[in-house]
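Each residue of the first sequence is one higher than the last, beginning at 406 in the working numbering.
Data block below; observations after.
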Amino acid sequence: MRLSRYFMPTLREAPSDAQIVSHQLMLRAGLIRQEAAGIYAFLPLGLRVLKKVEQIVREEMNRAGAIEVLMPTLQLADLWRESGRYDDYGEEMLRIKDRHERDLLYGPTAEEVITEIFRAYVKSYKDLPKNLYNIQWKFRDERRPRFGVMRGREFLMKDAYSFDVDEAAARRSYNRMFLAYLNTYARMGLRAIPVRADAGPIGGDLSHEFIILANTGESEVFAHQDLVEMGAPGPDIDWDGDLQPLVDQRTRLYAASDEMHDAARFKKEVPEAKRMTARGIEVGHIFYFGDKYSKPMKAVVAGPDGVERPVQMGSYGVGVTRLMGAIIEASHDEAGIIWPDSVAPFDVAVVNLRVGEAAVDQAAEAAYRGLQSAGKETLLDDRDERPGAKFASLDLVGLPWQLIVGPKGVADGVVEIKRRATGERQTLPLEAALKAIRG
RNA sequence: CGGGGCGUAGCGCAGCCUGGUAGCGCAUCUGCUUUGGGAGCAGAGGGUCGCAGGUUCAAAUCCUGCCGCCCCGACCA
């Protein structure tokens, strides 16, 4: 993409509405545009990041055996009357009527819809387990939207729903999601801590929130330091095998959000040097809720004994738009965003420092073609700007690599490459530079 | 929803207290000079001062109502 023809409206100063760094940087880098409180348009660069985050979530869901569907944003109120939540949900639910005066709502989540779909087709334990998910826009009319995409009213969420014949099987489904989540965040360069969360009326130990450490986070967490260091399990585990040991390894150590925190236990179970208290951003929440929806909505399957019973369900959410903010909170510096390679809107910027000077133009074009043919998503900065302005805006936007083509280098037959994350620079011939970036 | 704050050019702000021709920086446009970390000079364009009503000879400024946005708290991907 040639920057001169692209749409990347960067700002030198942050709008005063933005208070936290990720929000400021998203606005300054031209990723998003606020349309109303908690409602954002995604501009070209932001959309590219969103799609990449979404795709990583999708791939890790698929790997763990979940199956993608797409449910509507508008749902019938009648379904929610069946589950009993239409009256319970409150002001956060955006309720609307169609031309026939029929009650609809803009879905804040999709337990009812997925249960309706499931019950229409699945009647036997032999068809279980099933895990269906979708990545779809949700709407929650928050009392107080804030921090840009971190707490929007309209947001993109991946929500998965598992269906099992009994609690033991449901636990296996839960474990798959637990580990898939850790892999998902790891691929985005994030270190997520699973913490015990309130399991709601069902109780039990099958509810975890996944927290990214960041001092602007809304949640307070208390955890054993070793849990932070413990990595994700990686993709090559036996997803159909016994995952319990891998989960136990990560749930054995103390970790709790503020509402679940037990100061006495924390003190007793965690040696003083390992006690970590920090703030974090919740980027996922998984829980098992049994027959909470299947019972009232009559989603039943016949067991081996021929007896019909409500299916055992769990749900698993990832805030995709929120993740964009969380990644920036976790990865930026004074100059701007530092995108992890996996979610960067482009892989590399070719910076032409002297647009209009034939030799430099030619060298920049050659670099651009070379990177593109190597399959690298490349942004060619062919704007008629001074070098300083180019460097400042490209650092702000935070692509992982810059390949800098200037008149001095061209005269010497070399270009410079710069790694955004470390600031490390190398001056070398074009071919060697392309090779370094290709990896 | 309780408390606080803010709406003036695309962005950041001054002007309001004490009413009297709407300003500054950045950005934009033109020209010249410049060109490895957000250039210089000269010129130009861009405004229902959030909206509505009121007071007044006169309202960005004073009064009333409404709308919008942000922050803190209680609640949540």
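All C-beta atoms, glycine included, are put in the ideal place defined by N, C-alpha and C.
These figures come from a predicted structure and were not determined experimentally.
- Using a Cβ-Cβ distance cut-off of 8 Å, the stretch 459-479 and the stretch 582-597 are in contact, since at least three pairs of beta carbons, one from each stretch, lie closer than that value.
- Exclusion of the five residues before and after residue 515 leaves 476, 564 as the residues of its chain whose Cβ lies within less than 6 Å of its Cβ.
- For residue 715, the enclosing beta strand (DSSP E) starts and ends at 713-715.
- Sorting 661, 730, 506 by C-alpha distance to the C-alpha of residue 424 places 730 at the top.
- Bounds of the alpha helix (DSSP H) holding residue 466 are 449-468.
- In this structure, DSSP gives residue 744 a state outside helix and strand, which the three-state scheme calls coil.
- Of the residues 545, 526, 572, the one whose Cα lies closest to the Cα of residue 512 is 545.
- By the beta-carbon neighbour count (other beta carbons within 10 angstroms, threshold 16), residue 542 is exposed.
- Assigned with DSSP and collapsed to three states, residue 523 falls in helix.
- By DSSP's assignment, residue 755 forms a beta bridge with 785, 808.
- A residue is called buried when at least 16 other Cβ atoms come within 10 angstroms of its Cβ; residue 412 does not meet this threshold and is exposed.
- In the structure shown, the three-state DSSP call for residue 426 is helix.
- Under the three-state reduction of DSSP, residue 578 is assigned to helix.
- Just measuring C-alpha positions, the residue of 597, 640, 644 sitting nearest residue 634 is 597.
- Residue 649 and residue 811 have their C-alpha atoms roughly 56 Å apart.
- Boundaries for residue 658: no alpha helix (DSSP H) harbours it, and the DSSP string shows neither H nor E there.
- When only Cα atoms are considered, residue 446 and residue 407 end up about 22 Å apart.
- Residue burial annotation: residue 657 is exposed, with fewer than 16 other C-beta atoms found within 10 angstroms of its C-beta.
- Straight-line spacing of the CA atoms in residue 678 and residue 664 works out to 23 Å.
- With respect to residue 719, residue 578 sits close: the two C-beta atoms are nearer than 8 Å.
- A distance below 6 Å between beta-carbons, with the five flanking residues on each side excluded, links residue 428 to the following residues of its chain, in chain order: 552, 553.
- DSSP places residue 733 in no beta strand (DSSP E) but in the uninterrupted alpha helix (DSSP H) bounded by 725-735.
- Taking C-beta atoms under 8 Å as the contact rule, residue 712 and residue 569 fail to qualify, at a distance of about 16 Å.
- Beyond the five residues adjoining it in sequence on each side, residue 499 comes within less than 7 Å, by CB distance, of 510, 511, 544, 546 in the same chain, given in chain order.
- For residue 535, the closest alpha carbon among the candidates 478, 519, 507 is that of 519.
- Note that the C-beta distance between residue 799 and residue 786 is below 8 Å.
- A residue is called buried once 16 or more other Cβ atoms fall within 10 Å of its Cβ, and residue 840, having fewer, is exposed.
- Assigned with DSSP and collapsed to three states, residue 636 falls in coil, not helix or strand.
- At a Cβ-Cβ threshold of 8 Å, residue 782 and residue 752 count as neighbours.
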